[in-house]
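Protein chains in written order, with the working numbering: chain F, 2 to 138; chain C, 2 to 138. From the three backbone atoms N, C-alpha and C, an ideal C-beta is built for every residue, glycine too. For reference, the structure is listed below as structure tokens.
There are 2 protein chains.
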Amino acid sequence: MLVHMAEAGGRALTSEELSSFIHTNPVVVRRSIAGLREAGIVASSRGHGGGWQLGRAPDQISLAEISSALGETLLPFSTEPESPGCLVEQAVIAALEDFRTEAERLLAEKLGRITLADLAADFRRRYDEIGVTSHAV
Amino acid sequence: MLVHMAEAGGRALTSEELSSFIHTNPVVVRRSIAGLREAGIVASSRGHGGGWQLGRAPDQISLAEISSALGETLLPFSTEPESPGCLVEQAVIAALEDFRTEAERLLAEKLGRITLADLAADFRRRYDEIGVTSHAV
DNA sequence: GTTTCATGTAACTAAATTAGTTACGAATCT
DNA sequence: AGATTCGTAACTAATTTAGTTACATGAAAC
Numbered sequence: 002m003l004v005h006m007a008e009a010g011g012r013a014l015t016s017e018e019l020s021s022f023i024h025t026n027p028v029v030v031r032r033s034i035a036g037l038r039e040a041g042i043v044a045s046s047r048g049h050g051g052g053w054q055l056g057r058a059p060d061q062i063s064l065a066e067i068s069s070a071l072g073e074t075l076l077p078f079s080t081e082p083e084s085p086g087c088l089v090e091q092a093v094i095a096a097l098e099d100f101r102t103e104a105e106r107l108l109a110e111k112l113g114r115i116t117l118a119d120l121a122a123d124f125r126r127r128y129d130e131i132g133v134t135s136h137a138v
Numbered sequence: 002m003l004v005h006m007a008e009a010g011g012r013a014l015t016s017e018e019l020s021s022f023i024h025t026n027p028v029v030v031r032r033s034i035a036g037l038r039e040a041g042i043v044a045s046s047r048g049h050g051g052g053w054q055l056g057r058a059p060d061q062i063s064l065a066e067i068s069s070a071l072g073e074t075l076l077p078f079s080t081e082p083e084s085p086g087c088l089v090e091q092a093v094i095a096a097l098e099d100f101r102t103e104a105e106r107l108l109a110e111k112l113g114r115i116t117l118a119d120l121a122a123d124f125r126r127r128y129d130e131i132g133v134t135s136h137a138v
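Pasting the structure below:
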């Protein structure tokens, strides 16, 4: 959805339009990206001509920020104790916490280098490629 | 559960015993760790005196192997195309695939350095600590 | 100022996943 | 033979997620 916004040239896209891109429902779209507003990644406006657009330039929006704004974790496990007092769990959690700290730093650093502008550029490259192919055929 | 096996001194623990450690059901235990058998991480035996034990020494079992044998992914997202033909999705997946390749290598390398023996040693340290505290009080 | 358009959000439904449970057959030891 | 334990199927319940409907709020157009 964000790539589509980046490609929209400043025009606001409605959740109706966005939902058709990913074959889902407008309400699902609004729910999904509402969390990006507070982080300034998107801006929404109501009424005629309203909709969604990027909150800043695509090269200033990294995948790390998006992930963080969506409240996603970068690692697929929890370190919440489930049996407080269990020493085995404590040992496992201690090891995983150490691992998590460094791993998340590494992942965030890597994802921070990929921006929406990169994705949009790659999308455009593929788009032009198809265009050429179509002409050739 | 594997730490408990490591601490059991070679004796096989029943799924009944293991399930009581983590407050769950014997069948859930069997289902959960069945996948570790094929990887040689655990061995199970039936009948009287049967149960579960480690398939090799705790210092030869890394968290990376356990994670892999359980079929877990190290990263919490999928790169399965959902709309084949969507160029935006292709661009996103391409970027994430690159990221995933290096990230998984890094994570596996880190998790490969943590072994069951490390966890068991930390567990034992905590256990002795409690013992001392209890005596002191 | 009324109409139209679009978001914000609550409430409900349906589907998918997961944990838990019961039951029983197969294997193994005493 | 009998007791024990895993292996596995089948079912139930709880949780999560996506999808849908409905409607209030806000903003532009006329």
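Which bits of chain F does residue i rub up against, with CB to CB less than 8 Å?
i             : result
residue 93/C  : 4 and 120
residue 58/C  : Per Cβ cutoff of 8 Å: no residues; residue 58/C is ~18 Å from chain F at best.
residue 127/C : 88, 91 and 92
For residue i versus residue j, is the C-beta distance shorter than 8 Å?
i             : j             : result
residue 107/C : residue 75/F  : no
residue 55/C  : residue 2/C   : no
residue 19/F  : residue 30/F  : yes
residue 4/F   : residue 109/F : no
residue 59/F  : residue 116/F : yes
residue 82/C  : residue 94/C  : yes
residue 51/C  : residue 13/C  : yes
residue 113/C : residue 63/C  : yes
residue 36/C  : residue 57/C  : no
residue 119/C : residue 96/F  : yes
residue 92/C  : residue 38/F  : no
residue 24/F  : residue 84/C  : yes
Can you tell me whether residue i is helix, strand or coil according to DSSP?
i             : result
residue 122/C : helix
residue 25/F  : coil
residue 45/C  : strand
residue 88/F  : helix
residue 37/C  : helix
residue 16/C  : helix
residue 132/F : helix
residue 63/C  : strand
residue 81/C  : coil
residue 98/F  : helix
residue 9/F   : coil
residue 73/C  : coil
Using the beta-carbon of each residue, which ones in chain C are nearer than 7 Å to residue i?
i            : result
residue 89/F : 4, 5 and 124
Since residue i meets chain F, which of its residues come closer than 9 Å, beta carbon to beta carbon?
i             : result
residue 107/C : 104, 107, 108 and 111
residue 76/C  : 75, 76, 77 and 108
Taking just the CA atoms, how far does residue j sit from residue i?
i             : j             : result
residue 21/C  : residue 103/F : 33 Å
residue 98/F  : residue 66/F  : 22 Å
residue 89/C  : residue 53/C  : 48 Å
residue 69/F  : residue 111/F : 13 Å
residue 34/C  : residue 105/F : 27 Å
residue 87/F  : residue 32/C  : 22 Å
residue 61/C  : residue 134/C : 32 Å
residue 17/C  : residue 132/C : 27 Å
residue 129/C : residue 44/F  : 56 Å
residue 11/F  : residue 101/F : 39 Å
residue 47/F  : residue 125/F : 29 Å
residue 26/F  : residue 123/F : 26 Å
I want to verify the contact list: residues of chain C whose CB lies under 9 Å from the CB of residue i, in sequence order.
i            : result
residue 96/F : 64, 115, 119, 120 and 123
residue 24/F : 83 and 84
Determine which residues share a DSSP beta bridge with residue i and list them.
i             : result
residue 55/F  : 43/F
residue 116/C : 63/C
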